[in-house]
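Everything on this sheet refers to the single structure shown next.
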Amino acid sequence: MAQMTPDQIHLFRLQMLQHTLEPYKIMICILVAIFILFLITKYPKCKVKEVANNQNTPKVTLGETLKYLSGNSLFKKGIVAQFLYVGMQVAVWSFTIRLALDLMPHINERMAADFMVISFVCFFVGKFIANFLMTKFSVNKVLLAYSIIGCILILYVAFIPNLTAIYAAVAISILLGPCWATIYAETLKSVEKKYTETAGAIIVMSIIGGAFMPAVQGFVSDMVGSMQFSFIVNFFCFAYIGWYFYYKMKLENKEG
Numbered sequence: 100m101a102q103m104t105p106d107q108i109h110l111f112r113l114q115m116l117q118h119t120l121e122p123y124k125i126m127i128c129i130l131v132a133i134f135i136l137f138l139i140t141k142y143p144k145c146k147v148k149e150v151a152n153n154q155n156t157p158k159v160t161l162g163e164t165l166k167y168l169s170g171n172s173l174f175k176k177g178i179v180a181q182f183l184y185v186g187m188q189v190a191v192w193s194f195t196i197r198l199a200l201d202l203m204p205h206i207n208e209r210m211a212a213d214f215m216v217i218s219f220v221c222f223f224v225g226k227f228i229a230n231f232l233m234t235k236f237s238v239n240k241v242l243l244a245y246s247i248i249g250c251i252l253i254l255y256v257a258f259i260p261n262l263t264a265i266y267a268a269v270a271i272s273i274l275l276g277p278c279w280a281t282i283y284a285e286t287l288k289s290v291e292k293k294y295t296e297t298a299g300a301i302i303v304m305s306i307i308g309g310a311f312m313p314a315v316q317g318f319v320s321d322m323v324g325s326m327q328f329s330f331i332v333n334f335f336c337f338a339y340i341g342w343y344f345y346y347k348m349k350l351e352n353k354e355g
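Below is the structure:
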């Protein structure tokens, strides 16, 4: 890249971006196809084995379940939160290497990949920290705090044009650690027990966000001509997650 002209470097980066986004485009097509197959496939009926001393859960049809879930506003908010979280995680991890190459043109992709290794470590560290904090504070407060800090870091990544932005992007992974499991559990808590089986499956299907949000960030990067500024897409994802847990906290305080 040192011998390339600015136009050649720009073209090279666009080509690399397309290579990055291509797997996610394919993933979207595959997930849509699986979803269609899921809808049209007739599955064999099976009888759930009754366990002694447990009350039988009332049987409900798929239609009744979907009708209930479509009218459950808190469940729908949780689905959106999970969709945006997965998309944000994949987008941040996908574009961290590109950001490193953009701000450190003297390194190659192999060297830039070291930042991803650190990001993975940060992810698990953040999860352990959150697990400890949740023994002292409510889940809603912990995730709200994580989201606020995450929003600040993302703004730093998007607007500070120096090497510290890369480390801020890596630090975001600390705040991603507890999100999936916590959003899943909190969303499922808003559903009546007899509907939880289908509700849980729908929450899992929100992983399609991992194919959607990187494409959105790539589109923004192309439109504004800045890989770094495109991280602003993730700000709105984290802001929504923070709002979701703030909303739940206020709701629980009102009910309690």
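Numbered per our numbering, the sequence shown finishes at 355, counting up by one with no gaps.
All C-beta atoms in this analysis are idealised placements derived from N, C-alpha and C, irrespective of residue type, glycine included.
As the structure is a computational prediction, the values presented were derived from the model and not from experiment.
Query raised in the report: Between which two residues does the alpha helix (DSSP H) carrying Thr295 extend?
Result: Locating residue 295 in the sequence shown gives position 196, counting from the first residue. Start and end: 295 to 304.
Query raised in the report: Whose C-beta lies closer than 6 Å to the C-beta of Ser272 among residues of the same chain, with five residues either side of it excluded?
Result: Translated into the one-based positions of the sequence shown, residue 272 becomes position 173. If we look at Ser272 and ignore the five residues flanking it on each side, its Cβ neighbours are Ser218, Cys221, Phe222.
Query raised in the report: Can Ala257 and Phe330 be called in contact, C-beta distance under 8 Å?
Result: By one-based count along the sequence shown, residue 257 stands at place 158. By one-based count along the sequence shown, residue 330 stands at place 231. Taking 8 Å as the Cβ cut-off, Ala257 and Phe330 qualify as a contacting pair.
Query raised in the report: Got a sec? Which residues, its chain only, sit under 6 Å from Leu116 by beta carbon, not counting five neighbours each side?
Result: As a working mapping, residue 116 is identified with position 17 in the sequence shown. Closer than 6 Å at the Cβ level, and outside the excluded window around Leu116, lie Gly317.
Report task. Compare the beta carbon distance of Asn239 and Glu351 with 8 Å and say whether it is the shorter of the two. Result -> Locating residue 239 in the sequence shown gives position 140, counting from the first residue. Locating residue 351 in the sequence shown gives position 252, counting from the first residue. A contact, by the Cβ cut-off of 8 Å.
Query - Every unbroken alpha helix (DSSP H) inside the segment 140 to 223 [4 residues or more] - result: 161 to 169, 172 to 202
Query raised in the report: When burial is assigned at 16 or more other CB atoms within 10 Å of the CB, is Glu296 buried or exposed?
Result: Taking the sequence shown and counting its residues from 1, the one referred to as residue 296 is at position 197. So Glu296 counts as exposed.
Query raised in the report: Using a Cβ-Cβ cut-off of 8 Å (strictly less than) and excluding sequence neighbours within five positions of Asp201, which residues of its own chain qualify?
Result: Taking the first residue of the sequence shown as position 1, residue 201 is located at position 102. Arg112, Met326, Gln327.
Query raised in the report: Given that a residue counts as buried once 16 or more other Cβ atoms are within 10 Å of its Cβ, and exposed if not, what is Gln250?
Result: Position 151 of the sequence shown, counted from the start, is the residue given in the question as residue 250. The amino acid at residue 250 is misidentified as Gln; the sequence shows Cys. Cys250 comes out buried.
Query raised in the report: On the premise that Asn333 lies in contact with Ala190, defined as a C-beta separation below 8 Å, what is that separation, rounded to the nearest angstrom?
Result: As a position in the sequence shown, residue 190 is number 91, starting the count at 1. As a position in the sequence shown, residue 333 is number 234, starting the count at 1. Indeed, because the Cβ distance is near 6 Å, the residues count as touching under 8 Å.
Query raised in the report: Is it right to say Met312 is buried, meaning 16 or more other beta carbons lie within 10 angstroms of its own, or is it exposed?
Result: Locating residue 312 in the sequence shown gives position 213, where the first residue counts as 1. Met312 should be labelled buried.
Query raised in the report: Taking the alpha-carbon positions, what's the Ile247 to Ile139 distance?
Result: As a working note, residue 247 is residue 148 in the sequence shown. As a working note, residue 139 is residue 40 in the sequence shown. Roughly 42 Å separates the two Cα atoms.
Query raised in the report: Should Gly177 and Ile307 be called a contact, given that it needs their Cβ atoms to be closer than 8 Å?
Result: Counting from 1 along the sequence shown, the entry for residue 177 is found at position 78. Counting from 1 along the sequence shown, the entry for residue 307 is found at position 208. Cβ distance not < 8 Å, so Gly177 and Ile307 don't count as in contact.
Report task. Determine the contact status of Phe174 and Ser320, defining contact as a CB-CB distance below 8 Å. Result -> Taking the first residue of the sequence shown as 1, we reach residue 174 at position 75. Taking the first residue of the sequence shown as 1, we reach residue 320 at position 221. Contact: no.
Requested in this report: Below 7 Å CB to CB, which residues in the same chain sit around Thr164 once its five sequence neighbours on both sides are set aside?
Outcome: The residue given as residue 164 occupies position 65 in the sequence shown. Counting only Cβ-Cβ distances below 7 Å, and skipping sequence neighbours, we find Tyr294, Thr297.
Query - Pro105 classed as buried or exposed, judged by whether at least 16 other C-beta atoms fall within 10 angstroms - result: Counting from 1 along the sequence shown, the entry for residue 105 is found at position 6. So Pro105 ends up on the exposed side.
**Report entry** C-alpha gap between Tyr346 and Phe236, whole angstroms
**Finding:** Here residue 346 is taken as the residue at index 247 of the sequence shown, counted from 1. Here residue 236 is taken as the residue at index 137 of the sequence shown, counted from 1. Approximately 16 Å, taken between the alpha carbons.
**Report entry** Met126 and Ala300 closer than 8 Å at C-beta
**Finding:** Reading the sequence shown from its first residue, position 27 is the one you call residue 126. Reading the sequence shown from its first residue, position 201 is the one you call residue 300. No, the pair does not count as a contact, with Cβ atoms beyond the cut-off.
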